[in-house]
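To start, the structure itself, in structure tokens.
Number of protein chains: 4
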Amino acid sequence: MFNSFGNILQLTSFGESHGKAIGGVLDGFPAGISIDLDFIQNELNRRKPGQSKITTARKEADSVEFLSGIFDGKSTGTPIGFLVWNQNHHSNDYNNLKDIYRPSHADFTYQQKYGIRDYKGGGRSSARETISRVIAGALAKLALQELTIDIKAYTAQVGSIKLEKNYTEYDLSTIENNPVRCPDADKAKEMEELIFKTKGEGDTIGGIITCVIKNCPIGLGEPVYGKLHAALGNAMLSINAVKGFEYGCGFQNLHQKGSQQNDIFYNNNGVISTKTNNSGGIQGGISNGQDIYFNVAFKPVATLLMEQPTVTTQGEEVLLTARGRHDSCVLPRAVPIVEAMSALTLLDYYLINKTTKL
Amino acid sequence: MFNSFGNILQLTSFGESHGKAIGGVLDGFPAGISIDLDFIQNELNRRKPGQSKITTARKEADSVEFLSGIFDGKSTGTPIGFLVWNQNHHSNDYNNLKDIYRPSHADFTYQQKYGIRDYKGGGRSSARETISRVIAGALAKLALQELTIDIKAYTAQVGSIKLEKNYTEYDLSTIENNPVRCPDADKAKEMEELIFKTKGEGDTIGGIITCVIKNCPIGLGEPVYGKLHAALGNAMLSINAVKGFEYGCGFQNLHQKGSQQNDIFYNNNGVISTKTNNSGGIQGGISNGQDIYFNVAFKPVATLLMEQPTVTTQGEEVLLTARGRHDSCVLPRAVPIVEAMSALTLLDYYLINKTTKL
Amino acid sequence: MFNSFGNILQLTSFGESHGKAIGGVLDGFPAGISIDLDFIQNELNRRKPGQSKITTARKEADSVEFLSGIFDGKSTGTPIGFLVWNQNHHSNDYNNLKDIYRPSHADFTYQQKYGIRDYKGGGRSSARETISRVIAGALAKLALQELTIDIKAYTAQVGSIKLEKNYTEYDLSTIENNPVRCPDADKAKEMEELIFKTKGEGDTIGGIITCVIKNCPIGLGEPVYGKLHAALGNAMLSINAVKGFEYGCGFQNLHQKGSQQNDIFYNNNGVISTKTNNSGGIQGGISNGQDIYFNVAFKPVATLLMEQPTVTTQGEEVLLTARGRHDSCVLPRAVPIVEAMSALTLLDYYLINKTTKL
Amino acid sequence: MFNSFGNILQLTSFGESHGKAIGGVLDGFPAGISIDLDFIQNELNRRKPGQSKITTARKEADSVEFLSGIFDGKSTGTPIGFLVWNQNHHSNDYNNLKDIYRPSHADFTYQQKYGIRDYKGGGRSSARETISRVIAGALAKLALQELTIDIKAYTAQVGSIKLEKNYTEYDLSTIENNPVRCPDADKAKEMEELIFKTKGEGDTIGGIITCVIKNCPIGLGEPVYGKLHAALGNAMLSINAVKGFEYGCGFQNLHQKGSQQNDIFYNNNGVISTKTNNSGGIQGGISNGQDIYFNVAFKPVATLLMEQPTVTTQGEEVLLTARGRHDSCVLPRAVPIVEAMSALTLLDYYLINKTTKL
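Keeping their order, the protein sequence lines are chains A, B, C and D. According to this note's numbering, the first sequence is numbered sequentially starting from 1. According to this note's numbering, the second sequence is numbered sequentially starting from 1001. According to this note's numbering, the third sequence is numbered sequentially starting from 2001. According to this note's numbering, the fourth sequence is numbered sequentially starting from 3001.
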């Protein structure tokens, strides 16, 4: 129930950071979609550790293996099972964490909830779980491509360094040109330096990812408890380290009055459109055909390469000695995860919307 | 499916603004809870229009009628059906909206999605639907009281006027002392004046509601797609006019490093606790026993008492003449709605958590 | 969760036998369907007590009131709330049952499960709950009519009196010609006499209802855990007093070999069809375009008009004195319930099937 | 959605007969249960092809591999991913079926529904999918053992050969003593001979499996749409080749009156019990502490080792030449599947029942 995401299109995932494999089952995927395996692996590579000097130095092949649901290169409508083998699943690197609760990690809450936990690399609470999301999201993107729906996310802020301009003023096709995944080359450079410096200090830094969905058909989203933005918000808040979600004006421009924020309808050569898009492409929970855009706040990740005080499972106060290889800023690698969760949500709501009329 | 909220505890709601009634069914409510009908009606009164000079002048009795699920003053474990009759359901006040799309309302998207819409007072998209949430939430609060879980929300910002201090520095028992529902009496006065002034201009204004949950047991929340904060975020984003959700540090303090934000565990006389609470009471998606707190951003409502350009359903550009009685700021009346959705979420996840072990 | 039926199309019901009202919410009903209120009330009348001398003498108006989701005579796509007021909800007729467990009723299990129960007329366990099913089913039938899908149920067996012939040999349009709802007039007469005689003895009798679905499109049903026959079986087994479900050959003809039961495909003037229909219109869980037919077994109802030994809630052995007005055979009034649950299932799976392809 | 089974405890399965692997994810399994891997493999062996001369001669190792959710020999509360590799997944044995619809198989309905199908060995419609059920069911049995709930199924009828006596008159611990899995050694011999003879004819034969659940706690089952017997019926009807389900008196004894079938309560040394158990251990949809028992009807499987007429996907009438190795009677191997689905259902409803009270 709670390791599944979505309604008609439903991803069920499994796997621990240092277990045998991370994988999932994507159910409800439409039949007859051509499956471009290279595209999917490439999406996964965008998430992979070790892809640049600002990500963790840990290397894992993270090669996806499909087990079902694809036949003669096409989806069959049956569930698509897949997995990625973990390469260091016999690791004993984490034995020192067996009896220690790392600050701001899930060690304490898992232990209290379940009475048992896989302490190796965070077990199920590790962001390695997002591998399943990226694979399923890549499948969803393939279906959305047939509908010409386009999803692009980018790093909009790292620490205090933030893009000043709105997404409409950037060329989003340039996002992959730098390791930060930021459409402003100068800011990207600054962000990269900040991340690199933070890494050198053994510290971590957070920021904001912006996501833009273009060409979304009118009518996606269910009016009360299935509002499209609530579904997107839920999707984003399920990603590790995410602390906030806003769409359209969000927390911004609260000084503005309704008369300043209302999006005026006009007749754009026979098509009803809006002069502004403060609504963020969604009105009454339903897409209105304008661009959907939203921001996702990520906290600095909790794993530091410096000593921190903490307690043992027995409540003894101790110093946690840092070790291992970790990202000091997750945003560059989180960009494909934000896109993947958006794609899963959009395709799900596209399918749901097909049932509105007989 | 999409007019239902929750998992084990599930509210299904129905009703249009100017239909016969607004109501719902609360299923999965635990058996044996004493039902204090006065408490429930009082919660509903907190949401009622016309309760002060800063809310809409529209008067509706909004009296709850229970139809099932309660016997001899206690819940029986069977679904609790309830409704509130609409008093002006034969109103023809809205006939002028039949062929017009109001800016930033759901008129356009409903028409496109369904090919038909109840145009009277916004139909299903009206915030009158939240009546069901407040009633169901009041029931949930009665159960949470037995668990000593306490939920309090308050208006933290209206337009540019915002509380400077953290929730910990206010006496939250004073919230009902002013019509804005703000624990800072001076700020409340300023907010009230701003709302009153905005109303006079025929305009509207948004802001932020903060919610604080105290005494939440450790262990609520499911680790991956049922994270407690994602459930709360989804709940909040389902409320009309909500544009953003953040918990813990949220979008704030992104300049801080991990070493500044990590919450250090310590042994507090035999109880493991954290020295700070930047996590907002949730770690790895699971409550850790500290206070849960979060912010909800509301846009200025779209209904203005001034003329606005727009289009008809046929795409003709026209001027929308304003009339009716409306709130110029929804936050004071949204405070009990935020609490209600929090209560439904908490009780649901409390029940879910009971299934973690045999 | 468990007072809801269906997936995309979802009925949530509430109400106790002697509470204020019985009602429900039908969510996911397609927009734009013309709502024939007379048709719906007529379906409800088919279920009503007191309609003939073989049903209970209890008279209730059972008049449906719609509260939402219908506008200008059409469904709007928003949830359809409805209720039927109970006329004797202040009845104290049942006070004698407060401390007694009636044999083969739900009194004992409800008390054990919930620690509390509404003992008046069986509370939630009363078949009065099926009012909601018939109303929602009538709505579903209106949508299915637009698809020319036809559902007809009839009484096929009462006690030992059973129809000898297959459904194909009867004129199903004659079902309403007799109070038993049986397409064989002679057998109907015999059944009626048996029911009348049983009633005179203060006893009850069960039997079998057969249901036939014609003109079902090919492709309804999901292959593994959503097989169409499993959904129908689940629907039927949720009806009070039902003890068994079989479709196609079912429990019959188990002496036959595969070579006798296999349905041979042939080319019927360009349409692929089967020469026989032992499969009951469903292969691999998916409708194949042939007639769907199934049988539902009903036990004799447990409420007898004769003295029975039993125990009190305190375990004291006592004699239960019979009183009240009850059906001695539920099958005639269960025919519309079987049809209603079939209609809800078919429409739900029709909508689900729309999501199979992009 | 439809490749998932259960509510709190949820099995999601994937895999085609001749794809790479069959597998699944069991979510919601309680934390802290000791996982006996030998027990699980043994359950899988009971389902395995080639285990006796009356099952298919096809040999597959069917060795289960767990991928997650188990740590230090115990369940952790996170999803348990598992798979069984298919050994002949590159097989071209089935190329002759690419363009042919086998009678009474799912070939035709899959093709019509999805527009594409994996024709190798029936793809997703193959009973090989039940591997996932048996593995997940074995896990559920481990949890139920801690609750001392016992589930035993057996072959009660093959063709016309049926057990004459009630389950109470057999020693159910003897079921594994013969390859038919029948507690009556003489009948087992007869059944075995019939199966062997049928096999020799290239034909197939069906029958009935009876399942008995002892020591089920009082209170499992939800009163309206989650009746325990409806959940069990749905579970059974989801198994390949199942055509009917009955519990308690079911389709039997319809000649009996209510006065003969009612189960009279009595005080059994301080415990309220029933003198008879015609109810089959469930009243009002809720377990009453007596034995639960039900019957499941299986049709003769559709795969025959004899020539049959049929059509191609183009509608051309052809003769289907038989080949391969197949079971002529699935009942012996279906016994562990019936038990597995029962175990999943019981554990799910046990967990659900924990949420009835605060």
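Just so it is clear, CB atoms sit at the ideal spot from N, CA and C, and this is done for glycine as well. The structure displayed is predicted, hence computed values, not measured ones.
Top-ranked residue by Cα proximity to residue i, from the options
| i | options | result |
| --- | --- | --- |
| B/Y1350 | B/I1264, B/P1030, B/L1011 | B/P1030 |
| D/P3103 | C/A2302, C/G2315, C/G2258 | C/G2258 |
| A/C182 | A/I282, A/K357, A/D27, A/P332 | A/P332 |
| C/A2061 | C/N2288, C/K2048, C/D2072 | C/K2048 |
| C/L2254 | D/I3209, D/T3276, D/N3096 | D/I3209 |
| A/F14 | D/C3249, D/V3338, D/L3083 | D/L3083 |
| D/I3022 | D/G3050, D/R3133, D/T3076, D/F3002 | D/R3133 |
| D/A3156 | D/A3188, D/L3320, D/N3086, D/L3194 | D/A3188 |
| A/T345 | A/A138, A/N88, A/N92 | A/A138 |
| A/A136 | A/I80, A/S63, A/K214, A/D327 | A/I80 |
| B/I1035 | B/G1069, B/C1329, B/F1108, B/I1205 | B/G1069 |
| C/E2169 | C/V2212, C/D2150, C/I2337 | C/V2212 |
| C/W2085 | C/L2147, C/V2064, C/D2093, C/H2105 | C/V2064 |
| B/T1078 | C/F2002, C/L2194, C/T2355 | C/F2002 |
| D/N3166 | D/F3108, D/S3126, D/F3294 | D/F3294 |
| B/Q1290 | B/P1179, B/N1215, B/H1105, B/T1303 | B/N1215 |
Residues sharing a beta bridge with residue i, DSSP
| i | result |
| --- | --- |
| D/A3340 | According to DSSP, D/A3340 bridges with nothing at all. |
| B/G1221 | BP columns for B/G1221 are empty, so no partner. |
| B/L1319 | B/P1309 |
| B/C1211 | B/A1153, B/F1294 |
| D/D3027 | D/Q3010 |
| D/N3268 | D/V3271 |
| A/Y350 | DSSP output for A/Y350 lists no bridge partner at all. |
| B/F1066 | B/F1082 |
| A/K246 | Looking at the sequence itself, residue 246 of chain A is Glu, so the reference to Lys does not match. DSSP, once it has assigned bridges, lists A/N295, B/G1244 as partnering A/E246. |
| A/A21 | A/W85 |
| A/I161 | A/V158 |
| B/K1074 | B/S1034, B/F1071 |
| B/F1005 | B/L1011 |
Cβ-Cβ distance between residue i and residue j below 9 Å
| i | j | result |
| --- | --- | --- |
| A/L232 | A/S160 | no |
| D/I3008 | D/K3074 | no |
| A/L237 | B/A1297 | no |
| A/V330 | A/N234 | no |
| A/F196 | D/K3020 | no |
| A/L358 | C/L2358 | no |
| A/R46 | A/V301 | no |
| C/Q2256 | D/G3206 | yes |
| D/D3093 | D/T3204 | no |
At 4 residues or longer, and completely inside the segment 1098-1149 of chain B: list those alpha helix (DSSP H) runs for me, N to C.
-> 1107-1114, 1130-1146
Are the segment 2257-2275 of chain C and the segment 3308-3321 of chain D in contact at 8 Å, needing three or more beta carbon pairs?
-> yes
Specify whether the segment 3219-3237 of chain D and the segment 3279-3291 of chain D touch according to this definition: at least 3 beta carbon pairs, one from each stretch, less than 8 Å apart.
-> yes
Is the segment 1038-1048 of chain B in contact with the segment 1132-1149 of chain B, if contact means three or more CB pairs nearer than 8 Å?
-> yes
Can you find at least 3 beta carbon pairs, one from the segment 1238-1251 of chain B and one from the segment 241-248 of chain A, that sit closer than 8 Å?
-> yes
Segment contact flag, the segment 272-282 of chain A with the segment 1114-1122 of chain B, C-beta cutoff 8 Å, min 3 pairs | no
The segment 3319-3331 of chain D / the segment 2269-2277 of chain C touching (three or more Cβ pairs under 8 Å) | no
Contiguous alpha helix (DSSP H) assignments of at least 4 residues, all confined to the segment 178-213 of chain A = 185-200
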